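Notes follow once the structure below has been shown.
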Ligand code: GMT
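Residue numbers (my numbering): 39 to 413.
Structure follows, in structure tokens:
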């Protein structure tokens with residue numbers, strides 16, 4: 039089967055899921071064509087079954103804004119025709135489902151068509167998709183998809199509440215390739231902390247929904263009771279909140295390490311003791327699952343789909359959004375009890391194995407086969 043994957047190329051949940059899915063399909067012999075504005079961050083382009091088609095946006099002095107969606111739909115139409123694709127899979131409704139619908143219309147003019155699967159990832163529904171500038175087009179393009187999938191039960195519920203959806207939504211959860219998380223040597227731990235210190239970690243795109251101010255406050259509270267360090271991985275607009283916090287807390291400057299975007303995320307997660315995810319919204323929480331795959335328990339909010347991934351008292355702890363005090367107390371409890379920490383690390387890994395690629399990939403393959411057979 040030849041599949042076209044339409045996704046964001048950036049570090050960020052939807053692009054990572056699309057890339058990992060495409061690579062897993064390519065390893066199984068599918069021909070996978072990525073269509074995006076740049077080479078997706080984790081894509082292994084050396085795989086002979088993987089093709090990459092860059093969307094080029096032609097600039098012109100008349101344009102106040104570059105018409106990316108037009109260039110995208112033209113590229114989709116072109117790739118479907120040139121490579122005789124069998125199916126399109128759009129990750130994130132805006133603009134991918136919308137542009138794929140337009141490409142389908144162009145194909146129909148020539149008596150052709152191609153099935154379209156749209157996977158909803160979260161902010162395309164709960165945040166950006168709610169804006170009046172996008173809402174009607176998002177609802178329309180989701181309904182025009184031949185198959186709709188959602189990455190969690192929570193996101194399915196939100197989608198049905200927030201939009202008038204005329205089709206069934208299948209839940210196929212996000213997944214993790216545990217083979218990529220083979221344990222590395224512990225010796226690098228001393229790059230970040232001394233033997234008697236614990237390591238807390240936060241990984242995100244540092245947008246307001248991630249509530250990095252809570253991460254910092256939790257660390258401040260924990261550090262007052264447990265010798266510890268905080269690692270923050272990622273870049274984004276709320277970096278300023280971190281800088282301001284450090285200006286106000288000069289005693290913590292040497293204890294907070296800002297690593298930006300890193301390639302060896304797994305290695306650093308494996309050195310950590312607790313992952314903090316106090317998000318305002320989270321359709322699934324792929325970052326938490328990655329932490330668990332690296333045997334790191336999670337202290338999180340109970341937003342959106344997080345409770346489907348992080349299990350209270352088993353793989354970590356959850357509290358209501360913004361309850362910094364409870365998250366701090368849970369972190370202190372966990373980091374002060376080595377037996378509890380060891381047990382939760384084990385539980386976290388077991389949970390990650392439930393979401394292993396080998397369990398979820400067949401669900402995507404079955405869904406593709408059903409989509410094709412009913413098209
Ligand atoms: O969390 C983000 O801001 C990135 C965003 C994305 O669309 O790339 O992540 C969303 O999709 C991920 C993959 O399905 C989910 O694991 C994240 O929970 C979800 N983020 C939100 O809902 C805020």
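Positions of the beta carbon are idealized from the N, C-alpha and C atoms, including for glycine. Treat the numbers as computed from the prediction; the structure is a model and nothing was measured.
Neighbourhood of residue i by C-beta, 7 Å cutoff - its chain only, sequence neighbours within 5 removed
i	result
residue 166	132, 172
residue 183	135, 154, 155, 156
residue 280	250, 254, 270, 296
residue 324	51, 54, 55, 212
residue 192	321, 342, 343, 346
Proximity to residue i [Cα-Cα], best of the options
i	options	result
residue 235	45, 391, 68, 374	374
residue 168	189, 303, 197, 353	197
residue 302	323, 79, 39, 64	79
residue 124	69, 343, 364	69
residue 161	412, 372, 342, 413	342
residue 394	106, 86, 212, 174	212
residue 201	163, 209, 228	163
residue 376	245, 344, 264	264
residue 319	130, 117, 58, 159	159
residue 262	81, 232, 366	366
residue 204	210, 185, 216	185
residue 216	62, 226, 233	62
residue 181	66, 207, 170, 328	207
Check whether residue i and residue j have beta carbons under 7 Å apart
i	j	result
residue 74	residue 45	yes
residue 43	residue 60	yes
residue 339	residue 370	no
residue 337	residue 304	no
residue 353	residue 385	yes
residue 214	residue 331	yes
residue 179	residue 139	yes
Residue(s) in a DSSP beta bridge with residue i
i	result
residue 357	339
residue 92	74
residue 128	44, 156
residue 209	188
Close-in-space but distant-in-sequence residues of the same chain around residue i (CB under 6 Å, 5 per side omitted)
i	result
residue 268	238, 257, 294
residue 291	284
residue 252	316, 362
residue 272	241, 242, 243, 244
residue 95	104, 106, 109
residue 141	111, 114, 115
Any non-hydrogen atom of ligand 2 closer than 6 Å to residue i Cβ
i	result
residue 340	Ligand 2 is absent from the structure shown, which contains only ligand 1.
Cβ neighbours of residue i in the same chain (closer than 8 Å, five flanking residues each side left out)
i	result
residue 334	239, 307, 308, 310, 311, 312, 313, 383, 386
residue 247	161, 165, 317, 318, 319, 320
First and last residue of the uninterrupted alpha helix (DSSP H) at residue i
i	result
residue 416	Residue 416 is absent from the structure shown; the chain starts at 39 and stops at 413.
residue 409	395–411
residue 313	Per DSSP, residue 313 belongs to no alpha helix (DSSP H); it is in the beta strand (DSSP E), 312–315.
residue 171	That residue, residue 171, is in no alpha helix (DSSP H); it is neither H nor E in DSSP.
Span of the beta strand (DSSP E), counted from its first residue to its last, around residue i
i	result
residue 240	236–241
residue 349	That residue, residue 349, is in no beta strand (DSSP E); it is neither H nor E in DSSP.
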